[in-house]
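See structure below.
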Amino acid sequence: MGGGDRTGARHLSAVDGRTPRPGRGRTAGAGRGRQVGRGRGRGGPRLQPAAARPGGPGPGFGFGPREGERPMRPPGPWDEGTTAQPQGGTLTEEPRTPAVTENTTAPAPVPPRPHRIRGLLLGLAAGDAAGWPAARHRAARMPEWTRRLTRELDTFAEQNATTTLPVPIALNQPPEPLRLGPSDDAEWAAFAAEAVLRAGDDTVLGDLGRERRMRAAIDLTWNAVASEVAAAADRAPEIESAVLPLRARISVRAGLGNLAAGLRPPATGHDNPHFFDDAACVRACVLAVAHPGDPRLAAELAEFDARYTQDGDGVHGARAMAAALAMALAGADPGSCADAALAELPEGTEIGRNARHALALARAADSAFALVPLLEHQIVDHVYSYGIAAAETVPVALALALASGGRVAEAVPAAACLSRVADSAPALAGALTGALGGGDAIPASWRDACRTLSGCALPRLTGTDLVELAELLEAAQPAPPGG
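Here the UniProt record's numbering is used: the first residue of the sequence shown is 1, the next is one more, and so on.
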């Protein structure tokens, strides 16, 4: 399983003109164990810029592809442009205002803009809220004793063979944190949006080209949080036990710990016990707004970000979601979005096999709801202790988006039915179908319930309005091809 240490290129700072090679080498003496179960095949206010940590990484790493995978394409150079046509499918042009001739007595009405970025963010937030884990994430804002009591009631039910199961409770506390609303996925999506907005700030990175500026902004955003982790680690016996001012996935905590220890991507994502999870896939959905209509560039940007926390299928999944969202933001149909995603998923990987099988099931299904049992029995795993593997959640999201015809009101409830993957599959499905349908596709009741972040994962984002955030992103991003 291990490849041993091999000499190779030293890790480069994120604003270097070159990009470190991805692969499977491990740092000597890293000592981070991998969790056994799935095996190696699975695996508000804006942050102020933080300087990269002093010193360089440790010894260089030699990287190669994981077993059964073809080598991944690394992100291109900082100022790489594109002359190729967007890959992955055909685009449907946004509605345009009909030309007015001299004989026209009155101008034709202008079709409303789809507001696809708004649909993306609100769809993601609605899917995040619809999954049952959201209530547990939001319960983090309750006093600790309320969560302890819930655990004790669960133990009581287990010991006494009681089928009445506990749920997060408020008792004599204000119940607002437990009401329907977004949780961790929406907040980490907003984290990615901060980097996109920072890239548009001429006062910070105005001397760089557009693509290099975007990557530098991502690096600044990660290093700002890593500096907080480093400060917390100084007060703790080890990084893993540090009390952080945030809540995050295992892969994100490990990646931040690696950054704080002086490692650089791709080692931060490779030397990571949850390299295979889908944490970067949620961020990739938002990063796609930087390249509407160009799935290749969107996928490369998503990989650049993903390698801070992921490797293997975790990176493949991020590339796939970014490619699909890039097409959706340009007005493509669900089938073209699925094709763009498949182009980023090697056939020899678990995520590639699952996605192709799931989409074949989706094409034969009568509806998204009819697809649920098939996905539950043929795609979703019931062995591993966490239901967050990108090899499951990304195929589920793509399949439900296709089977629903791109309708968020069908895809999200169906995804929420898959309890094993309900922590992120509904959010991924909601992001894709929300972008396909636009802001008006999100029911008003869901928009009102999900537009404001509670800060249960990133407290500094408490009160962030996703509708306002979408407007900022729309104003900062280029128009899609043909739009």
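Glycine included, every Cβ here is placed at the ideal spot set by N, Cα and C.
Test item: CB-CB of residue i and residue j under 9 Å
{"i": "residue 367", "j": "residue 403", "result": "yes"}
{"i": "residue 284", "j": "residue 313", "result": "no"}
{"i": "residue 344", "j": "residue 295", "result": "yes"}
{"i": "residue 395", "j": "residue 130", "result": "no"}
{"i": "residue 320", "j": "residue 293", "result": "no"}
{"i": "residue 316", "j": "residue 273", "result": "no"}
{"i": "residue 461", "j": "residue 144", "result": "no"}
{"i": "residue 355", "j": "residue 340", "result": "no"}
{"i": "residue 122", "j": "residue 466", "result": "yes"}
{"i": "residue 214", "j": "residue 290", "result": "yes"}
{"i": "residue 197", "j": "residue 431", "result": "no"}
{"i": "residue 132", "j": "residue 422", "result": "yes"}
{"i": "residue 178", "j": "residue 459", "result": "no"}
{"i": "residue 397", "j": "residue 415", "result": "yes"}
{"i": "residue 301", "j": "residue 211", "result": "yes"}
Residue of the options minimising C-alpha distance to residue i
{"i": "residue 307", "options": "264, 297, 273 and 327", "result": "264"}
{"i": "residue 489", "options": "353, 375 and 352", "result": "No statement about residue 489 is possible, as the shown extent of the chain runs from 1 to 483 and does not include it."}
{"i": "residue 348", "options": "225, 391 and 145", "result": "391"}
{"i": "residue 191", "options": "457, 467 and 475", "result": "457"}
{"i": "residue 401", "options": "220, 359, 300 and 380", "result": "359"}
{"i": "residue 184", "options": "470, 428, 444 and 447", "result": "428"}
{"i": "residue 335", "options": "228, 201, 122 and 433", "result": "433"}
{"i": "residue 259", "options": "278, 224, 194 and 162", "result": "224"}
{"i": "residue 386", "options": "135, 276, 141 and 448", "result": "276"}
{"i": "residue 182", "options": "447, 299 and 232", "result": "447"}
{"i": "residue 364", "options": "405, 393, 383 and 342", "result": "405"}
Coarse secondary structure for residue i, derived from DSSP in three states
{"i": "residue 89", "result": "Low local confidence applies: a pLDDT of 47 at residue 89 is under 50, so the model's placement there is unreliable, with the coordinate-based value given in what follows. In the structure shown, residue 89 sits in coil (DSSP, three-state: anything other than H, G, I, E or B)."}
{"i": "residue 389", "result": "strand"}
{"i": "residue 203", "result": "helix"}
{"i": "residue 464", "result": "coil"}
{"i": "residue 381", "result": "coil"}
{"i": "residue 164", "result": "coil"}
{"i": "residue 278", "result": "coil"}
{"i": "residue 396", "result": "helix"}
{"i": "residue 477", "result": "coil"}
{"i": "residue 349", "result": "coil"}
{"i": "residue 309", "result": "coil"}
Residue i Cβ short of 8 Å to the ligand ZN heavy atom set
{"i": "residue 198", "result": "By its list of ligands, the structure shown contains no ligand whatsoever, and the ligand ZN lies outside what it can speak to."}
Alpha-carbon to alpha-carbon, residue j and residue i
{"i": "residue 371", "j": "residue 189", "result": "27 Å"}
{"i": "residue 69", "j": "residue 318", "result": "Per-residue confidence for residue 69 stands at a pLDDT of 49, beneath the threshold of 50, marking its modelled position as unreliable; the derived number appears in the next sentence. Residue 69 and residue 318: Cα-Cα distance of roughly 16 Å."}
{"i": "residue 155", "j": "residue 333", "result": "48 Å"}
{"i": "residue 180", "j": "residue 207", "result": "43 Å"}
{"i": "residue 157", "j": "residue 164", "result": "7 Å"}
{"i": "residue 172", "j": "residue 244", "result": "28 Å"}
{"i": "residue 357", "j": "residue 309", "result": "27 Å"}
{"i": "residue 255", "j": "residue 248", "result": "10 Å"}
{"i": "residue 204", "j": "residue 379", "result": "45 Å"}
{"i": "residue 199", "j": "residue 217", "result": "5 Å"}
{"i": "residue 417", "j": "residue 234", "result": "43 Å"}
{"i": "residue 118", "j": "residue 435", "result": "8 Å"}
{"i": "residue 135", "j": "residue 168", "result": "7 Å"}
{"i": "residue 231", "j": "residue 194", "result": "22 Å"}
{"i": "residue 443", "j": "residue 151", "result": "34 Å"}
{"i": "residue 440", "j": "residue 464", "result": "20 Å"}
{"i": "residue 147", "j": "residue 297", "result": "43 Å"}
{"i": "residue 162", "j": "residue 351", "result": "38 Å"}
{"i": "residue 202", "j": "residue 209", "result": "11 Å"}
Short CB-CB distance (under 9 Å) between residue i and chain D
{"i": "residue 321", "result": "The structure shown has no chain D; it contains just one protein chain."}
Enumerated in chain order, which unbroken segments of the alpha helix (DSSP H) with a length of 4 residues or greater are wholly contained in the segment 132-203? 133-138, 144-159 and 184-199
Run through the segment 225-267 for me and flag every whole alpha helix (DSSP H) of 4 or more residues, listed as ranges in chain order. Listed in chain order, the alpha helix (DSSP H) elements of length 4 or more contained wholly in the segment 225-267 are 250-260.
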